[in-house]
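Protein chains in written order, with the numbering used here: chain A, 36 to 364; chain B, 570 to 681.
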Amino acid sequence: MHAKPEEKPSRNGLIAKNLAIITTIITVIGGGFAAWIANNYQSKMSAATLISQREQAESQLRATMFSNLISPIVGYYKDGGKIQGEIPLERERLLVEMLALNFHDHFEFKPFLIHVDKRLATELDKDEREKAHESLKSVARRVISRQLATILNLGSKKDKTEIQTLNIFELPQDEKQRKDYEELKKYFSDSKYKESGVYFGGFGDEILLESPDKNYSLYISIKSCNWDNETCEVYFRIHHKSQENEKKFNQGEQPHFTLTWFDFPFTDNTLLADGNRFAVALDQFSGLNVPNKSVVFKIIWFPKVYFTPRERPINYTEIREKLGIEAGK
Amino acid sequence: MSKWFYKKWKFVSISFALLLCFVISAEADIVYGRVYDNTGALLCDVQIKITGKDQNGNVFTVAVTTNRDGSYKVFIPPGAHKVEFTKGIDKLEAWILSYPEPFHQDIYLKKR
Numbered sequence: 036m037h038a039k040p041e042e043k044p045s046r047n048g049l050i051a052k053n054l055a056i057i058t059t060i061i062t063v064i065g066g067g068f069a070a071w072i073a074n075n076y077q078s079k080m081s082a083a084t085l086i087s088q089r090e091q092a093e094s095q096l097r098a099t100m101f102s103n104l105i106s107p108i109v110g111y112y113k114d115g116g117k118i119q120g121e122i123p124l125e126r127e128r129l130l131v132e133m134l135a136l137n138f139h140d141h142f143e144f145k146p147f148l149i150h151v152d153k154r155l156a157t158e159l160d161k162d163e164r165e166k167a168h169e170s171l172k173s174v175a176r177r178v179i180s181r182q183l184a185t186i187l188n189l190g191s192k193k194d195k196t197e198i199q200t201l202n203i204f205e206l207p208q209d210e211k212q213r214k215d216y217e218e219l220k221k222y223f224s225d226s227k228y229k230e231s232g233v234y235f236g237g238f239g240d241e242i243l244l245e246s247p248d249k250n251y252s253l254y255i256s257i258k259s260c261n262w263d264n265e266t267c268e269v270y271f272r273i274h275h276k277s278q279e280n281e282k283k284f285n286q287g288e289q290p291h292f293t294l295t296w297f298d299f300p301f302t303d304n305t306l307l308a309d310g311n312r313f314a315v316a317l318d319q320f321s322g323l324n325v326p327n328k329s330v331v332f333k334i335i336w337f338p339k340v341y342f343t344p345r346e347r348p349i350n351y352t353e354i355r356e357k358l359g360i361e362a363g364k
Numbered sequence: 570m571s572k573w574f575y576k577k578w579k580f581v582s583i584s585f586a587l588l589l590c591f592v593i594s595a596e597a598d599i600v601y602g603r604v605y606d607n608t609g610a611l612l613c614d615v616q617i618k619i620t621g622k623d624q625n626g627n628v629f630t631v632a633v634t635t636n637r638d639g640s641y642k643v644f645i646p647p648g649a650h651k652v653e654f655t656k657g658i659d660k661l662e663a664w665i666l667s668y669p670e671p672f673h674q675d676i677y678l679k680k681r
């Protein structure tokens with residue numbers, strides 16, 4: 036008996052067999068890859084949905100909180116379901132403080148804060164008024180410092196937030212104190228202070244400040260301060276460098292405003308034509324005669340790319356510009 | 570009296586120190602920043618002297634030691650006060666401002 040000789044597989048059969056194996060491997064790898072992509076996509080979608088839901092919940096919470104805080108002030112004040120008329124002062128102060136602390140970046144609360152401060156002055160005795168005013172002032176200082184902290188590192192090297200400090204001293208009546216004052220003025224007029232953005236002057240002095248890009252000269256003058264209410268009359272004029280040689284600004288036309296503790300940089304600022312923006316805020320108020328009364332102001336220059344939440348650009352091209360995306364990319 | 574004081578001198582001293590701290594902190598607030606000499610170099614680990622008057626007209630002197638990075642922190646009554654430092658044979662001085670709230674000021678010392 037002879038064993039049947041082994042049949043050699045044909046060339047086509049071998050290719051077909053190999054192809055079947057490769058197809059199977061590709062199918063398995065492809066299936067795994069598709070599953071990985073699907074999984075990745077799903078987890079990304081889940082994360083996006085989660086973030087979106089969290090944002091929605093946060094917005095809803097803030098909306099409810101805002102509505103609950105503001106309705107008793109602007110609407111009818113209810114106590115136990117009954118309409119009670121004007122809201123009690125202490126409660127109004129608390130609600131306005133809560134509003135200012137939680138919603139200062141979106142809304143201007145100066146009118147509310149001034150309203151409460153006026154009520155404090157008329158409805159409380161001196162000691163209680165001082166205590167409550169200090170509380171309002173403390174909230175205002177916290178809001179200002181929070182806002183400054185937010186923008187401190189904004190912008191690029193060439194276009195960065197710059198904060199200048201302006202020390203204004205009252206001219207003392209006493210001869211000895213006047214001598215000290217002159218010495219103090221001389222000391223602070225040193226270029227090292229100017230280089231680090233610290234300026235010094237007296238009431239009525241016109242102090243020249245420059246925008247960080249040196250395009251604007253801001254002449255600022257503090258004419259007077261009300262030491263009881265802690266408010267100051269700020270006069271200013273601003274020139275673009277191209278206007279510097281034009282005739283002197285007429286004093287009568289000089290714009291001015293009353294600066295209070297409740298002027299916050301995010302909501303009370305001036306936008307200039309080329310995108311430069313500045314704000315003036317109170318920093319210190321010392322009615323003590325040691326050696327003389329003094330006030331410190333912060334002059335905040337925002338980066339040009341900054342815009343407030345209330346000034347969202349509606350033009351798509353403008354949004355792209357703000358984000359630094361060039362056309363066609 | 571002297572026997573009682575001798576026994577309780579630690580208690581009396583601590584109470585007096587705490588009372589003094591309370592009196593100063595009620596009027597003073599913090600001033601912080603860095604100290605530079607007349608050449609513009611940071612003054613690290615040195616003692617500077619601050620002399621001034623509080624709102625009652627009482628003269629005070631405070632010695633402050635700067636840190637390794639030339640920074641300082643001091644509680645002083647509101648007002649404008651003199652800063653003094655002796656560098657070799659040179660007497661350097663400056664002004665420091667203090668307010669009822671915390672205040673940042675870098676001190677640039679100059680030759681008298």
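Ideal Cβ positions, reconstructed from N, Cα and C, are used throughout, including at glycine. It should be emphasised that the depicted structure is a prediction, and the values quoted were computed from it without experimental measurement.
Problem set entry | Neighbour list for residue 659 (chain B) in chain A, Cβ cutoff strictly below 7 Å | Chain-ordered listing is empty here: chain A has no CB closer than 7 Å to the CB of residue 659 (chain B), the nearest sitting near 17 Å.
Exercise. Quick one: what's residue 312 (chain A) bridged to in DSSP?
Worked result: DSSP, once it has assigned bridges, lists A:306, A:337 as partnering residue 312 (chain A).
Exercise. Quick one: is residue 683 (chain B) near chain A, going by C-beta distance under 9 Å?
Worked result: Absent from the structure is residue 683 (chain B), since the part of chain B shown begins at 570 and ends at 681.
Exercise. Taking the C-alpha atoms as reference points, what is the distance between residue 67 (chain A) and residue 136 (chain A)?
Worked result: Inter-residue distance for residue 67 (chain A) and residue 136 (chain A) is about 52 Å (C-alpha atoms, whole angstroms).
Exercise. Between the Cα of residue 666 (chain B) and the Cα atoms of A:321, A:355, A:183, A:173, which residue gives the shortest distance?
Worked result: Taking only the C-alpha atoms, the option nearest residue 666 (chain B) is A:321.
Exercise. Taking Cβ positions only, does residue 365 (chain A) come closer than 9 Å to chain B?
Worked result: The structure shown does not extend to residue 365 (chain A), since chain A is modelled only from 36 to 364, so the question has no answer here.
Exercise. Does DSSP put residue 660 (chain B) in a helix, in a strand, or in coil?
Worked result: In this structure, residue 660 (chain B) counts as strand in the three-state DSSP scheme.
Exercise. CB residue 294 (chain A) to CB residue 332 (chain A), shorter than 9 Å?
Worked result: With contacts defined as CB atoms closer than 9 Å, residue 294 (chain A) and residue 332 (chain A) qualify as a contacting pair.
For this session: Check whether the segment 174-192 of chain A touches the segment 299-306 of chain A, taking contact to mean three or more Cβ pairs, one atom from each stretch, closer than 8 Å.
Result: Flag = yes, the segment 174-192 of chain A and the segment 299-306 of chain A touch.
Exercise. How would you call residue 63 (chain A), buried or exposed, if buried means at least 16 neighbouring beta carbons within 10 angstroms?
Worked result: Label assigned to residue 63 (chain A): exposed.
Exercise. Candidates B:633, B:678, B:600, B:616: which alpha carbon is nearest residue 661 (chain B)'s?
Worked result: With distances taken between Cα atoms, residue 661 (chain B) lies closest to B:678.
For this session: Would you mind stating whether residue 245 (chain A) and residue 252 (chain A) have Cβ atoms separated by less than 9 Å?
Result: Contact flag set, yes.
Exercise. Should residue 89 (chain A) be labelled buried (16 or more other beta-carbon atoms within 10 Å of its own) or exposed?
Worked result: When all chains shown are included, residue 89 (chain A) counts as exposed.
Exercise. Is the shortest distance between the beta-carbon of residue 675 (chain B) and the beta-carbons of chain A less than 9 Å?
Worked result: It does: the Cβ of residue 675 (chain B) has a partner Cβ on chain A nearer than 9 Å.
For this session: Tell me whether the beta-carbon of residue 212 (chain A) lies closer than 9 Å to the beta-carbon of residue 335 (chain A).
Result: Cβ distance not < 9 Å, so residue 212 (chain A) and residue 335 (chain A) don't count as in contact.
Exercise. So is residue 120 (chain A) buried or exposed if we call it buried at 16+ other beta carbons inside 10 Å?
Worked result: Exposed, because fewer than 16 other Cβ atoms sit within 10 Å of the Cβ of residue 120 (chain A).
Exercise. From residue 170 (chain A) to residue 177 (chain A), what distance separates their C-alpha atoms?
Worked result: The straight-line gap from Cα to Cα measures roughly 11 Å.
For this session: Check the Cβ of residue 672 (chain B) against every Cβ in chain A and list those closer than 7 Å, keeping chain order.
Result: Correct list: 319.
For this session: Just list the beta strand (DSSP E) runs in the segment 75-158 of chain A, keeping only unbroken ones of 3 residues or longer that don't cross its boundaries, in chain order.
Result: Considered as a whole, the segment 75-158 of chain A harbours 112-114, 117-120 as its complete beta strand (DSSP E) runs of no fewer than 3 residues, in chain order.
Problem set entry | Cross-strand partners of residue 616 (chain B) (DSSP beta bridge) | B:634.
Problem set entry | chain A contact residues for residue 666 (chain B), given Cβ-Cβ distances below 7 Å | Chain A residues near residue 666 (chain B): 202.
For this session: Could you pull the start and end residues of the alpha helix (DSSP H) that residue 162 (chain A) belongs to?
Result: For residue 162 (chain A), the uninterrupted alpha helix (DSSP H) run begins and ends at 161-186, by DSSP.
Exercise. Going along chain A in order, which residues have a C-beta closer than 7 Å to the C-beta of residue 610 (chain B)?
Worked result: What residue 610 (chain B) touches in chain A: nothing, since even the nearest Cβ is about 12 Å away.
Exercise. The segment 87-116 of chain A: which residues have C-beta closer than 8 Å to a C-beta of chain B, in chain order?
Worked result: Along the segment 87-116 of chain A, there is no position whose C-beta sits under 8 Å from a C-beta of chain B.
For this session: Report yes if the CB atom of residue 676 (chain B) is closer than 9 Å to the CB atom of residue 603 (chain B), and no otherwise.
Result: In contact: residue 676 (chain B) and residue 603 (chain B) (Cβ atoms closer than 9 Å).
Exercise. Residue 290 (chain A): buried (16+ other C-beta within 10 angstroms of its C-beta) or exposed?
Worked result: Exposed is the call here.
Exercise. Looking at the structure shown, is residue 668 (chain B) part of a helix, part of a strand, or coil, going by DSSP?
Worked result: Here residue 668 (chain B) sits in coil by DSSP.
Problem set entry | Burial state of residue 664 (chain B) (16 or more Cβ within 10 Å) | Buried, because 16 or more other Cβ atoms sit within 10 Å of the Cβ of residue 664 (chain B).
For this session: Starting from residue 166 (chain A), find everything on chain B with Cβ-Cβ shorter than 8 Å and list it in chain order.
Result: Proximity of chain B to residue 166 (chain A) at the Cβ level (cut-off 8 Å) is not reached, the minimal Cβ distance being about 15 Å.
For this session: Determine the closest residue to residue 248 (chain A) out of A:338, A:142, A:104, A:106, with distance taken between C-alpha atoms.
Result: Nearest neighbour of residue 248 (chain A) by Cα position, chosen from A:338, A:142, A:104, A:106, turns out to be A:338.
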